[in-house]
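So the sequences go chain by chain: A and B. Okay, so the first sequence: first residue is 66 according to the numbering used here, each after it adds one. Okay, so the second sequence: first residue is 119 according to the numbering used here, each after it adds one. All residues carry an ideal CB built from backbone N, CA and C; glycine is no exception. Right, one structure below, let's go through it.
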Amino acid sequence: MERISLIGQLTQYLFTGITVGSIYALVAVGFNIIYNVTEIINFAQGEFVMLGGLIMVFFTAVAKLPLPVAFILTIAAVTGVGALMERFTINPLKNATVLTMIIVTIAVSILFKGIAMFVWGKDPYIIPPFSGSEPIFILGAAIQTQTIWVLLITAVVVVLLTLFFKKTRYGKAMLACADDPEAARLVGIRVNIMVLISFALSAAIGAVAGAIITPISLMEYDRGALLALKGFGAAVMGGLGSFYGAVVAGIFLGIIESLCAGFVSSGYKDAVALLLLLLVLYIRPSGLFGNVEASKIKEF
Amino acid sequence: MLKLKSVHTYYGNIHALRGVSLHVNQGEIVTLIGANGAGKTTVLKTISGITPASRGSITFEGRDVTKVAAEEIVRAGISHVPEGRKVFSTLSLRDNLEMGGFIRRDKKEVQADMERFKKKFPILADRWNQMAGTLSGGEQQILAITRALMARPRLLILDEPSMGLSPLLVKEIFKIIKVLREEGTTILLIEQNARAALHIADRGYVLETGKIVLQGKCRMLLEHEEVKRAYLGKGYREVWED
């Protein structure tokens, strides 16, 4: 067997880490969008990723649609699921506390998992990579082309989201809701519409994450919970509400996990993520990029 | 223009307004004075739908707005500058004003209004792209008022605009209120500083524990013994001497 150089190994782990980390980052960004508007931690965020992956499997493998069409339909379908979730579970709860609504999202996540198990069964599914399965060799490491897709699409999502929140009227209105819901209502922003948009948008991002990661890591019905946990860890590490923090922390978490799995043991990789989360919460509860002032006012 | 008829409002179990009736005519400045906890802020919040009335009726320009939600009231023509300013602290000044014009469809006019306010208030122009949270209290108040004006309201509701500001800035705020009146905006104002409020307003109402106990022209209220004693701080001696 050919011995791989240390540099090669390191590069390999780094790329794997960044890829997985991108997915954590997307999940964390999804958490943040909903959190920013409502202060709800949506524990069904991981289920959006799972649904994104499995629906993508359906559209490509069963419906045999061309990749771009399948990708767009997947996002549309999961966005619809997110919007329905908000309309039927969050919106009807008038005057509920944030904690109640968080518990509702946990219930919804269990429901989604159950439905997915009925529809797709318990086996994991895979789809072919977006463009060929021939790996690219960089510094002695074999990089799957899908990795490039993951990085590219994550970057596009982050850029588009930034533009949405900085430049568009609705994006700013969502930030205004996050800032001060009462003042937002007084200038005529319909807060319940913004909440709906936040769920739809988070679901869309979850779907993207699921669709792009399935060719690398497969997808099965019960993947959501762990993804949500890691994504949540990244969101908290980055400072709840901070997009920039979520992306950095997500990728950081992915790299640490991957290095741990590579050099120590893959059995410990989940523990490392949680240990890291505890450490951050212990040293800097507002997260690495969180606003200390803001975190004092917020309920969670 | 605005008419409240025996409005009752509850804050949870607290009966905050116990049958408040008042009206504001077109072009007037009307002020509401009263001690802390008398229910002044609740009156304003009830008008704008944040704490809806449980009984009674509110009409604005002939339309019943008793049950209209807070996010719709601004579309009816009422802008409420809330207590404590409540600017969008993480948004830039520019975006704060843009959000003030959120309900308007005339994009170009919104831009023009923003430019107009920028010229009018150099304090805002200097910090145009900074986060509103970095402004001082007085600057935030000016921003909050201009944000409310961006909706082009026919009635402006101001809740304690001078709260926590230096005397110099209080003067500045009152100057703005005067200019607004001259431009034809109708204003409902509540103020801790009853003397200043009664000097700038046309008519006033005195609120005590959720009820209107006195009303009239401000000139008359300024001379009223009870108002003087309780809210203006002067003439107190005359009262207890006899």
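Test: residue i CB closer than 8 Å to a CB of chain A
{"i": "A188/B", "result": "yes"}
{"i": "F206/B", "result": "yes"}
{"i": "E356/B", "result": "Annotation note: pLDDT 45 at E356/B (below 50); position unreliable, coordinate value reported separately. It does not: the Cβ of E356/B has no partner Cβ on chain A nearer than 8 Å."}
{"i": "L120/B", "result": "no"}
{"i": "T265/B", "result": "A small fix is needed here, since residue 265/B is Arg in this sequence, not Thr. Output row for R265/B: interface = yes."}
{"i": "D277/B", "result": "no"}
{"i": "D213/B", "result": "yes"}
{"i": "M217/B", "result": "yes"}
Residue i (DSSP reduced to helix, strand or coil)
{"i": "D244/B", "result": "helix"}
{"i": "Y235/A", "result": "helix"}
{"i": "F202/A", "result": "strand"}
{"i": "I151/B", "result": "strand"}
{"i": "F178/B", "result": "strand"}
{"i": "L261/B", "result": "helix"}
{"i": "H141/B", "result": "strand"}
{"i": "I106/A", "result": "coil"}
{"i": "E216/B", "result": "helix"}
{"i": "R193/B", "result": "helix"}
{"i": "E301/B", "result": "coil"}
{"i": "E356/B", "result": "Note that E356/B has pLDDT 45, beneath the 50 cutoff, so the model's placement of it is unreliable and the number below is only indicative. Three-state result, E356/B: helix."}
{"i": "Q77/A", "result": "helix"}
{"i": "V345/B", "result": "helix"}
{"i": "L353/A", "result": "coil"}
{"i": "K204/B", "result": "coil"}
Paired residues, beta bridge with residue i - DSSP
{"i": "R136/B", "result": "H126/B"}
{"i": "Y190/A", "result": "M284/A"}
{"i": "L342/A", "result": "According to DSSP, L342/A bridges with nothing at all."}
{"i": "V199/B", "result": "L276/B"}
{"i": "S87/A", "result": "Beta-bridge pairing links S87/A to no other residue."}
{"i": "S210/B", "result": "M249/B"}
{"i": "R173/B", "result": "H126/B"}
{"i": "A207/A", "result": "F202/A"}
{"i": "Q332/B", "result": "Note that residue 332/B corresponds to Leu in the displayed sequence, not to Gln. The partner list for L332/B (beta bridge, DSSP) reads V324/B."}
{"i": "L307/B", "result": "T149/B, L276/B"}
Within 8 Å, strictly: CB atoms of residue i and residue j
{"i": "V215/A", "j": "I278/A", "result": "yes"}
{"i": "G167/B", "j": "V186/B", "result": "yes"}
{"i": "L162/B", "j": "D320/B", "result": "no"}
{"i": "L79/A", "j": "I321/A", "result": "no"}
{"i": "V85/A", "j": "A268/A", "result": "no"}
{"i": "Y286/A", "j": "W185/A", "result": "yes"}
{"i": "F178/B", "j": "I196/B", "result": "yes"}
{"i": "I263/B", "j": "P279/B", "result": "yes"}
{"i": "Q259/B", "j": "L211/B", "result": "no"}
{"i": "S323/A", "j": "T76/A", "result": "no"}
{"i": "I105/A", "j": "I167/A", "result": "yes"}
{"i": "F271/A", "j": "V92/A", "result": "Note on identity: in this sequence residue 271/A is Gly, with Phe being the wrong assignment. Yes."}
{"i": "L116/A", "j": "V146/A", "result": "yes"}
{"i": "V252/A", "j": "R265/B", "result": "yes"}
{"i": "L261/B", "j": "N214/B", "result": "yes"}
{"i": "L318/A", "j": "A148/A", "result": "no"}
{"i": "E309/B", "j": "I151/B", "result": "yes"}
{"i": "V114/A", "j": "G275/A", "result": "yes"}
{"i": "Y349/B", "j": "Q333/B", "result": "no"}
{"i": "T164/B", "j": "A156/B", "result": "no"}
{"i": "F95/B", "j": "A241/A", "result": "Residue 95/B cannot be examined here, being either before or after the span of chain B that is shown, 119 to 360."}
{"i": "P131/A", "j": "P194/A", "result": "no"}
{"i": "E112/A", "j": "F264/A", "result": "no"}
Contact set between residue i and chain A, taken where Cβ atoms lie within less than 8 Å
{"i": "S166/B", "result": "L251"}
{"i": "A269/B", "result": "V252, G253"}
{"i": "V192/B", "result": "L251, V252, G253"}
{"i": "T221/B", "result": "Contrary to the premise, residue 221/B reads as Ile rather than Thr in this sequence. Near I221/B (Cβ distances below 8 Å), the residues of chain A are V252, G253."}
{"i": "H198/B", "result": "L251"}
Contact with chain B by residue i, beta-carbon distance below 8 Å
{"i": "K363/A", "result": "Low confidence applies to K363/A: its pLDDT is 49, below 50, so where it sits in the model is not reliable, and the reading given next is rough at best. It does not; no Cβ of chain B falls within 8 Å."}
{"i": "K237/A", "result": "yes"}
{"i": "A248/A", "result": "yes"}
{"i": "A241/A", "result": "yes"}
{"i": "V256/A", "result": "yes"}
Cβ-heavy atom distance, residue i to the ligand FAD, below 7 Å
{"i": "F235/B", "result": "Looking at this structure, you won't find the ligand FAD or any other ligand, since it has none at all."}
Where residue i meets chain B, residues with beta-carbon distance less than 7 Å
{"i": "D244/A", "result": "F206, S207, T208, L209"}
Within chain A, partners of residue i - CB distance below 7 Å
{"i": "F235/B", "result": "Chain A residues near F235/B: none, gap ~15 Å exceeds 7 Å."}
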